[in-house]
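What follows is a set of notes on a single structure, which appears directly below.
Numbering (the working numbering), first residue to last: 1 to 120.
Structure representation (structure tokens):
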């Protein structure tokens with residue numbers, strides 16, 4: 001491979017966070033990906049996906065609905081985290097109980113939204 005071209009994302013901002021309960025190279029207890037497309041003020045489109053706490057990567061449409069059309073700030077990020085936690089069908093395993101992972105979803109979705117909004 002001599003070259004790889006990655007197109008600019010334009011008005012899209014994204015972040016991925018993972019939470020591991022043992023070491024950084026351990027299988028995650030939770031992975032969260034967030035993509036926000038905005039007009040500079042309001043979010044036009046949002047995608048929120050979790051993995052590791054569910055059997056397959058899962059979109060959290062309740063969190064996406066909170067974000068779409070909104071001006072994203074700490075309050076909106078927390079509301080999206082709450083919506084994600086209340087609707088995500090997480091499963092417990094050796095990395096934590098379902099209740100623990102639900103709280104991880106709440107916290108990490110809000111953190112990923114804030115991270116996506118940070119300047120590169």
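Using N, Cα and C, we set each Cβ at its ideal position, and we do this for glycine too. Since this is a predicted model, take the numbers as computed values, not measurements.
query	result
Please confirm whether residue 53 and residue 104 have their CB atoms less than 8 Å apart.	yes
For residue 40 and residue 11, what's the separation of their Cα atoms in angstroms?	8 Å
Excluding the 5 residues preceding and the 5 following residue 26 in the sequence, name in chain order all residues of the same chain whose CB lies nearer than 7 Å to its CB.	20
Just to confirm the assignment, what range does the beta strand (DSSP E) spanning residue 46 have?	43-51
Return the CA-CA distance between residue 44 and residue 14, expressed in angstroms with no decimal places.	14 Å
Is the beta carbon of residue 36 closer than 8 Å to that of residue 67?	yes
Count the other CB atoms within 10 Å of the CB of residue 42; is the residue buried (16 or more) or exposed (fewer)?	exposed
Give, in chain order, every unbroken run of the beta strand (DSSP E) that is at least 3 residues long and sits entirely within the segment 14-100.	30-38, 43-51
With a threshold of 16 other CB atoms inside 10 Å of the CB of residue 121, please say whether the residue is buried or exposed.	An answer regarding residue 121 cannot be provided, because it is not within the stretch 1 to 120 covered by the chain.
If I'm right that residue 112 touches residue 32 with Cβ under 8 Å, what's the distance once you round it to whole angstroms?	4 Å
Inspect the beta-carbon positions of residue 30 and residue 115 and report whether they are closer than 8 Å.	no
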